[in-house]
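K.L.:
Going by the UniProt record's numbering, 43 is the number at position 43 of the sequence shown; the sequence numbering is gapless. We put the CB at the ideal spot given by N, CA and C, even for glycine. Since the model is a prediction, treat every value here as computed from it, not as a measurement. The structure follows.
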Amino acid sequence: MRFVIVATWKGPSRSRILRRFRFDAPGGPDGRRTSSRARRRQKTPDAPPDTPVETPTHLCSFRTGRPPMSLSRRRFLTLGAAGAATCALRPERLLWAAGRAGWEASVALPWATQEVYGTTWNGRIVVAGGLRSGADRDRRFTTLEETALFDPSTEAWTRGPALPSPRHHIVLAEADGTVYGFGGFVGETLRNGFQFRPDVYAFDGGQWARIGTMPMPLGETVALAVEERVHLVTGSLHPDDGASDGASRAHLVYDSGADAWSEARPVPTGRSSATGAVIDGRLYVVGGRRTEGGVTNLGAVERYEPTTNTWTELRPLPQPSGGLAGAALDGTLYVFGGEYFSGDGGVYGRTWAYDPDVDAWTQHDPMPTPRHGLAGAALGGHIYAIGGNPAAGIGAVTSSVVERLSPTTD
């Protein structure tokens with residue numbers, strides 16, 4: 001049983017109860033509490049002024065549809081014991097989540113990589129490409145061609161076949177037993193390291209093979225598969241003239257059975273570096289950023305219904321973020337990580353869980369190693385956060401860390 005309750009009341013015990021449940025309120029960049037002195041020094045828990053945090057709450061309402069209500073202390077304890085309340089998210093209040101999500105270390109990647117995406121295939125996690133930063137003053141990096149596969153039954157990573165060509169930001173999705181890799185960039189410095197390549201690769205257990213090209217130069221997109229169709233949603237457009245539109249509303253659909261492309265209804269909010277997942281045949285796209293005139297993180301959350309070709313705008317992510325990762329498990333969408341560039345910049349460690357049944361976000365335990373540019377995948381009752389960079393941007397600290405999230409409901 002999972003429930004989320006917050007109550008307010010007048011009386012001498014109010015302050016004691018608030019302190020008791022304040023453990024889930026946002027703190028520093030890793031989601032932990034900060035001291036009162038530190039809180040006075042920062043405008044928001046993560047400091048970046050362009051990415052304000054909404055401290056969520058859940059005002060209790062009954063399943064019969066009654067509006068949110070204040071509770072007496074006795075009534076609060078009665079409902080809490082019964083677990084009979086569901087809750088609607090509101091900003092700037094207190095959150096208490098009975099369902100927890102705990103992180104632990106998993107088996108590290110055989111090599112460090114960031115700007116990498118993951119998917120699942122044949123009972124394994126697949127990640128491919130990415131980049132590894134160097135330590136020189138020109139901030140050179142190496143674009144990777146390696147593929148790694150993780151088997152949870154043996155708790156081991158194995159090296160798979162190399163990509164036909166090195167790529168970073170190559171997005172992966174599995175459809176009908178085949179892993180597809182779309183687009184990505186080549187290069188070795190920040191100046192020339194984002195040269196887009198429109199190739200489409202396929203992997204079904206043998207070697208990767210180039211099977212075609214994308215109909216438009218869409219990078220840093222979100223790839224989500226529903227049956228035989230892979231949807232590429234949002235991203236940055238990289239035409240031949242070298243310009244970049246970092247807030248695309250594109251929605252491409254690749255039919256793997258027919259080997260054909262089409263366009264679907266554009267997403268309402270254009271952005272790149274978002275994340276997403278599929279729940280009950282519907283696409284969820286979360287967060288991302290715009291880069292016109294500076295980097296602005298977004299909290300937009302939108303759901304696509306393939307049967308009607310329609311988008312629905314949902315409750316925003318409480319912490320706007322770009323370069324984050326996510327995955328769905330047991331009907332819940334988990335997102336984590338990301339980066340910001342305001343001030344001195346930094347990365348996020350918070351973990352957020354979205355329940356589509358009530359359109360509500362809750363905050364869970366933070367990642368032990370906050371990162372951006374990481375891959376996310378769900379497999380075997382766990383969610384994995386793979387690789388990435390523990391500092392904003394492309395620096396000399398590319399990571400091989402893998403951590404595993406184990407949601408609980410007690």
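Three-state secondary structure (DSSP) at Trp361?
P.N.:
In the structure shown, Trp361 sits in a strand (DSSP, three-state: E or B).
K.L.:
May I ask you to list the residues that DSSP assigns as paired with Val301?
P.N.:
According to DSSP, Val301 bridges with Val286.
K.L.:
On a CA-only basis, which of Gly288, Met216, Ser272 is nearest Trp261? Give me that one, please.
P.N.:
Comparing Cα-Cα distances from Trp261 to each of Gly288, Met216, Ser272, the minimum goes to Met216.
K.L.:
Check for me: the beta strand (DSSP E) holding Ile383 runs from which residue to which?
P.N.:
Its beta strand (DSSP E) spans residues 382 to 386.
K.L.:
Compare the beta carbon distance of Ala162 and Tyr180 with 8 Å and say whether it is the shorter of the two.
P.N.:
No, the Cβ-Cβ distance between Ala162 and Tyr180 is not below 8 Å.
K.L.:
Short check: CB of Ser400 to CB of Ala108, under 8 Å?
P.N.:
Closer than 8 Å, so yes.
K.L.:
On the three-state DSSP scale, how would you describe Ile211?
P.N.:
Here Ile211 sits in strand by DSSP.
K.L.:
Is it buried or exposed, Ala209, if we count other Cβ atoms within 10 angstroms and call 16 or more buried?
P.N.:
Label assigned to Ala209: exposed.
K.L.:
Taking only three categories from DSSP, how would you classify His169?
P.N.:
Residue state, collapsed to three classes: coil.
K.L.:
Between the alpha carbons of Ala396 and Thr308, how many angstroms are there, rounded?
P.N.:
Their Cα atoms are separated by approximately 46 Å.
K.L.:
Could you give the distance in angstroms between the alpha-carbon of Asp379 and the alpha-carbon of Asn122?
P.N.:
Before going on, a small fix: residue 379 reads as Leu here, not Asp. Taking the straight line from one Cα to the other gives about 11 Å.
K.L.:
Less than 8 Å between the C-beta atoms of Gly183 and Met214, yes or no?
P.N.:
Closer than 8 Å, so yes.
K.L.:
Per DSSP, Asp255 is paired with what?
P.N.:
Beta-bridge pairing links Asp255 to Arg229, Ala260.
K.L.:
For Arg350, does the three-state DSSP call read helix, strand or coil?
P.N.:
Of the three classes helix, strand and coil, the one that applies to Arg350 here is coil, per DSSP.
K.L.:
Across which residues does DSSP place Ser236 in a beta bridge pair?
P.N.:
Gly219.
K.L.:
Exposed or buried, which one is Thr51 when buried takes at least 16 other CB atoms within 10 Å?
P.N.:
With a pLDDT of only 42 at Thr51, under the threshold of 50, the placement of this residue in the model should not be trusted; the figure read from the coordinates follows. Answer is buried; the Cβ neighbour count reaches 16.
K.L.:
DSSP beta-bridge partners for Thr120?
P.N.:
Beta-bridge pairing links Thr120 to Ile125.
K.L.:
In the DSSP assignment, find the beta strand (DSSP E) that holds residue 417 and state where it starts and stops.
P.N.:
Residue 417 lies beyond the residue range present for the chain, which begins at 1 and ends at 410; the question has no answer from this structure.
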